[in-house]
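Using my numbering, read the sequence shown as starting at 504 and increasing by one per residue.
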Amino acid sequence: MAHHSTDTLRRSLLALCTLAVAGALPLGATAQEMTPMDPRLHTPGQLTVGTGDPVYPPWMLDNDPAGGEGFENGLVYALAAEMGFAPDQVAWVGQTFDQTIAPGAKPYDFSIQQISVTEARSEIVSFSQVYYQPEKAVIALPGTAAETATSFADLQGLRWGAVIGTTDNDYLVNILGVTDAAIYNEQVDVFQALQAGQIDATLAALPTALFVTAVQVPDAAIVAILPPDENDNGHGLLFELNNPLVPWVDTALSAIIARGVVDDLIAQYLVADPDLPIISE
Numbered sequence: 504m505a506h507h508s509t510d511t512l513r514r515s516l517l518a519l520c521t522l523a524v525a526g527a528l529p530l531g532a533t534a535q536e537m538t539p540m541d542p543r544l545h546t547p548g549q550l551t552v553g554t555g556d557p558v559y560p561p562w563m564l565d566n567d568p569a570g571g572e573g574f575e576n577g578l579v580y581a582l583a584a585e586m587g588f589a590p591d592q593v594a595w596v597g598q599t600f601d602q603t604i605a606p607g608a609k610p611y612d613f614s615i616q617q618i619s620v621t622e623a624r625s626e627i628v629s630f631s632q633v634y635y636q637p638e639k640a641v642i643a644l645p646g647t648a649a650e651t652a653t654s655f656a657d658l659q660g661l662r663w664g665a666v667i668g669t670t671d672n673d674y675l676v677n678i679l680g681v682t683d684a685a686i687y688n689e690q691v692d693v694f695q696a697l698q699a700g701q702i703d704a705t706l707a708a709l710p711t712a713l714f715v716t717a718v719q720v721p722d723a724a725i726v727a728i729l730p731p732d733e734n735d736n737g738h739g740l741l742f743e744l745n746n747p748l749v750p751w752v753d754t755a756l757s758a759i760i761a762r763g764v765v766d767d768l769i770a771q772y773l774v775a776d777p778d779l780p781i782i783s784e
């Protein structure tokens, strides 16, 4: 009788192990981590990625994240492939920048939207490692005092505009000492104000500024490059606070950085003029 009970127990344990490996038990969910069926994903079976709405070159071309043309969506599709996702398993969710950096639940696994990693933001959201550190550029129309500015004191006298919640606005306040900038909800609103003569200048990451002055506001020019803000560590992927996916994404991001994928995307989409003037004090 004891022998029969032992055989029954063995068969039961074997069945349990088989079910676990097949994913029919909770243990099976653990076995699927770091695969496209990872139960920790916002929607298992796909990588859900947040971004702006609309999106702008050179970060993403043709207002089409799924097109894969641009620095940020090129990076995402390379990252997705490293993580085991096919291109058609990447889903995009559009949000305003203000929604993206707000605390609380996120309708995606991570977001990419030229989001700077800062200590203050890290208290309410989580970040990947930094993958890009852009310089700041001053954008202005001809005929304003911005054209001839050579010092921070000159810049402080301008009428500035910036997007709410951005490190561009933080830079104006914390580095240049500008506390009366006009604040807008979206970047396109800032550019419209610039064209209308309502502001003299705005700040943007240099790649954004290059596109703005070439396409969106061709009458404007980059009049200066500014030194980095020590509180702005560069661009990272943004996650809901304490999202358990961060280590997996970071491992994949490290792999594509090591292979030169990010450097190639920078060279393709974000190359700047090395002769632009620099104002440092």
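Glycine residues also receive a C-beta, built at the ideal position from the N, C-alpha and C atoms.
C-beta contact flag for residue i and residue j at 8 Å
i      : j      : result
Arg624 : Ile604 : yes
Pro561 : Phe714 : yes
Gly646 : Ala696 : no
Leu661 : Ala640 : no
His738 : Tyr635 : yes
Leu582 : Leu756 : yes
Phe600 : Thr669 : yes
Val558 : Asn736 : no
Val666 : Gln698 : no
Nearest residue (CA-CA) to residue i, options the options
i      : options                           : result
Thr682 : Tyr674, Trp751 and Ser757         : Tyr674
Glu743 : Gly553, Asp565 and Met563         : Gly553
Gln463 : Val579, Ala649, Met540 and Asn746 : Nothing can be reported for residue 463, as the shown portion of the chain is limited to 504 through 784.
Ser629 : Val774, Pro750 and Leu779         : Pro750
Glu638 : Tyr611, Pro590 and Ala708         : Ala708
Asp657 : Asp703, His545, Gly571 and Asp753 : Asp703
Val633 : Ala717, Leu741 and Ile781         : Leu741
Leu710 : Met563, Asp591 and Glu626         : Before going further, note that residue 710 is Pro rather than Leu in the sequence given. Considering only alpha carbons, the answer is Met563.
Ile678 : Val620, Ala724, Asn745 and Asn734 : Asn734
Ile627 : Val720, Asn745, Ala761 and Ile760 : Asn745
Val676 : Pro557, Pro606, Asp732 and Asp722 : Asp732
Pro568 : Gly587, Ile615 and Thr538         : Ile615
Start-to-end residues for the alpha helix (DSSP H) that takes in residue i
i      : result
Glu743 : First-last for Glu743: Leu741 to Glu743, but that is the beta strand (DSSP E), not the alpha helix (DSSP H).
Ser757 : Val749 to Ala761
Thr670 : Thr670 to Asn677
Ala584 : Phe574 to Met586
Run of the beta strand (DSSP E) containing residue i, from where it starts to where it stops
i      : result
Gln598 : Val593 to Gln598
Val666 : Trp663 to Val666
Thr711 : Run containing Thr711: none in the beta strand (DSSP E); it sits in the alpha helix (DSSP H), Leu709 to Phe714.
Asp621 : The question names Asp, but residue 621 in the sequence shown is Thr. No beta strand (DSSP E) contains Thr621, which DSSP labels as neither H nor E.
Ile686 : Ala685 to Tyr687
Val726 : Ala724 to Leu729
Leu550 : Leu550 to Gly555
Ala643 : Lys639 to Ala643
Val628 : Val628 to Phe630
Buried or exposed by the 16-neighbour rule on C-beta atoms within 10 Å, applied to residue i
i      : result
Gly700 : exposed
Asp671 : buried
Ala608 : exposed
Leu516 : Because the pLDDT at Leu516 is just 38, under 50, the model does not fix this residue reliably, and the value given afterwards should be weighed accordingly. Exposed.
Met504 : Interpretation of Met504 is limited by its pLDDT of 44, a score under 50 that renders its predicted location unreliable; no figure is taken from the coordinates.
Ser631 : buried
Asp541 : buried
Val765 : buried
Ile759 : buried
Val524 : A caution first: Val524 carries a pLDDT of 39, below 50, which makes its placement in the model unreliable, though a value can still be read off. Result: exposed.
Val718 : exposed
Gly555 : buried
Thr716 : buried
Leu530 : Interpretation of Leu530 is limited by its pLDDT of 46, a score under 50 that renders its predicted location unreliable; no figure is taken from the coordinates.
- Query: At a cut of 8 Å, does the region 720 to 734 reach the region 589 to 607 through at least three beta carbon pairs?
  - Reply: no
- Query: Are the region 760 to 773 and the region 652 to 671 touching by the rule of at least three beta carbon pairs closer than 8 Å?
  - Reply: no
- Query: On the three-pair Cβ rule with 8 Å, is the region 565 to 578 touching the region 538 to 551?
  - Reply: no
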